[in-house]
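*Asks:*
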Amino acid sequence: MDDSLRVSILSEALPYIQSFSGRKIVVKYGGSIMEDEKLKKAFFRDIALLSSVGVCPVVIHGGGPEINRWLNKLEISPKFDNGLRVTDEKTMEIVEMVLMGRVNKQIVRGINKTGSLAVGISGLDGNLIQSRELGDGSHGLVGEVTQINPELLDPLIAKGYIPVISSIGSTADGISHNINADFVAGEVAAAINAEKLILLTDTPGILKERDNPNSLAKQINLKEARKFIEKNIVSNGMLPKTECCIRALAQGVKAAHIIDGRIEHSLLLEIFTNSGIGTMINA
């Protein structure tokens with residue numbers, strides 16, 4: 293890249309940096325990006341850069357592949373029903389160990405190595421994520437969010453720390469739940485009045501035509517997003533992600549983005565360039 297192009301990129305980013313300085317952005321980190329060392333390092337640097345220019349990032353993560361690896365090591369067969377992990381008590385112990393102890397601290401360590409200050413917490417800390425059993429309980433200890441306690445996050449964000457949150461919640465009785473990280477991200481974004489919710493995925497974004505990667509919907513509104521669901525254009529794994537974005541927007545989040553985390557620095561490309569890289573949903 294020649295010097296003139298570098299300067300042009302910085303110049304294009306300037307108004308976005310000014311616009312989002314001091315604003316909160318919630319990023320859901322997951323998918324294959326968590327398995328690729330190059331993509332992981334790029335993500336950590338992107339989060340550090342956002343923080344360095346005054347943006348207030350909050351990271352929510354899952355960790356399905358790592359959970360599966362540890363279940364296999366312990367000779368416990370992973371079970372899924374309609375895309376959701378069936379989580380009995382023994383599996384929940386592994387989920388807590390992996391998400392709270394291993395994956396969370398790997399992310400914190402990676403961000404801190406860039407010179408930024410990340411703090412790892414789980415939904416159990418300070419009753420950050422309160423939950424209840426999902427549906428009829430057929431998935432075991434899989435839960436859904438009932439309430440987010442932003443009082444734990446506000447002082448950390450105000451002091452310039454980057455919260456890194458594992459997607460585990462609990463009931464008032466202290467029963468832990470494994471919760472879909474996309475929905476946790478959406479509820480956290482709404483609770484802290486975030487400017488943006490960004491979901492890093494293994495897809496280009498929302499497609500206008502199913503299975504046609506060249507039909508990316510760059511920008512749509514809530515009404516259009518709902519129509520995509522009604523017409524079954526959005527389905528399978530993209531359905532809960534789109535529903536999560538719709539719910540977050542309905543609760544006051546300014547914009548929600550579904551972007552391809554397999555592209556290096558996709559987070560910065562979406563936030564700081566005119567063209568963006570994924571799908572942006574506006575209210």
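The sequence shown begins at 293 in this note's numbering and counts up by one.
The C-beta atom is built at its ideal place from N, Cα and C for all residues, glycine as well.
Since this is a predicted model, take the numbers as computed values, not measurements.
1) Could you tell me which whole alpha helix (DSSP H) segments of length 4 or greater appear in the stretch 446 to 522?
2) Output the boundary residues of the beta strand (DSSP E) element that contains SER423.
3) What's the call for LYS451, buried or exposed, on a 16-neighbour Cβ count within 10 Å?
4) Can the beta-carbon of ILE457 be found closer than 8 Å to that of VAL434?
5) Could you have a look at SER303 and say whether DSSP puts it in helix, strand or coil?
6) In three-state DSSP terms, what is PRO349?
7) What three-state label does DSSP hand ASN574 in the structure shown?
8) Helix, strand or coil, according to DSSP, for ARG315 in the structure here?
9) Can you tell which of GLU436, GLN422, HIS431 has its C-alpha closest to the C-alpha of LEU260?
10) If THR379 and GLY466 are in contact, beta carbons under 8 Å, what's the gap, nearest whole angstrom?
11) What residue from ASP338, ILE498, LYS515 has the CA that sits closest to ALA509's CA?
12) For VAL390, which of helix, strand or coil comes out of DSSP?
13) In angstroms with no decimal places, state the Cα-to-Cα distance between ARG553 and ASP494.
14) Assuming LYS316 contacts VAL350 (C-beta within less than 8 Å), just tell me the rounded distance between them.
15) So what does DSSP say about VAL248, is it helix, strand or coil?
16) Would you call the CB atoms of ILE569 and ILE550 closer than 8 Å?
17) Would you kindly report the start and end of the unbroken beta strand (DSSP E) that includes ASP552?
18) In three-state DSSP terms, what is THR379?
*Replies:* Looking at the atomic coordinates:
1) 473 to 483, 514 to 522
2) Reading the sequence shown from its first residue, position 131 is the one you call residue 423. Per DSSP, SER423 belongs to the beta strand (DSSP E) from 421 to 425.
3) As a position in the sequence shown, residue 451 is number 159, starting the count at 1. That one is exposed.
4) Indexing the sequence shown from 1 puts residue 457 at position 165. Indexing the sequence shown from 1 puts residue 434 at position 142. No. Outside cutoff.
5) Here residue 303 is taken as the residue at index 11 of the sequence shown, counted from 1. Helix, per DSSP.
6) For the purposes of this step, residue 349 is taken as residue 57 along the sequence shown, with counting starting at 1. Strand.
7) Here the question's residue 574 lines up with position 282 in the sequence shown. In this structure, ASN574 counts as strand in the three-state DSSP scheme.
8) Within the sequence shown, numbered from 1, the residue matching residue 315 stands at position 23. Here ARG315 sits in coil by DSSP.
9) There is simply no residue 260 to check, as the chain begins at 293 and stops at 575 in what is shown.
10) As a working note, residue 379 is residue 87 in the sequence shown. As a working note, residue 466 is residue 174 in the sequence shown. Actually they do not touch by this definition, with Cβ atoms about 16 Å apart.
11) Counted from its first residue, the sequence shown places residue 509 at position 217. Considering only alpha carbons, the answer is ILE498.
12) Stepping through the sequence shown from its first residue, residue 390 is reached at position 98. Helix.
13) Residue mapping note: residue 553 aligns to position 261 of the sequence shown, counting from 1. Residue mapping note: residue 494 aligns to position 202 of the sequence shown, counting from 1. Rather than Arg, the amino acid found at residue 553 in this sequence is Gly. Each residue's alpha carbon lies about 6 Å from the other.
14) Looking up residue 316 in the sequence shown gives position 24. Looking up residue 350 in the sequence shown gives position 58. About 6 Å; that satisfies the 8 Å criterion.
15) One cannot answer for residue 248 here, as it falls past the ends of the chain, which runs 293 to 575.
16) Translated into positions along the sequence shown, residue 569 becomes position 277. Translated into positions along the sequence shown, residue 550 becomes position 258. Result no, Cβ atoms of ILE569 and ILE550 do not sit closer than 8 Å.
17) In the sequence shown, residue 552 corresponds to position 260, counting from 1. It spans 547 to 552 - the beta strand (DSSP E) in which ASP552 sits, taken as one unbroken run.
18) Translated into the one-based positions of the sequence shown, residue 379 becomes position 87. In the structure shown, THR379 sits in a strand (DSSP, three-state: E or B).
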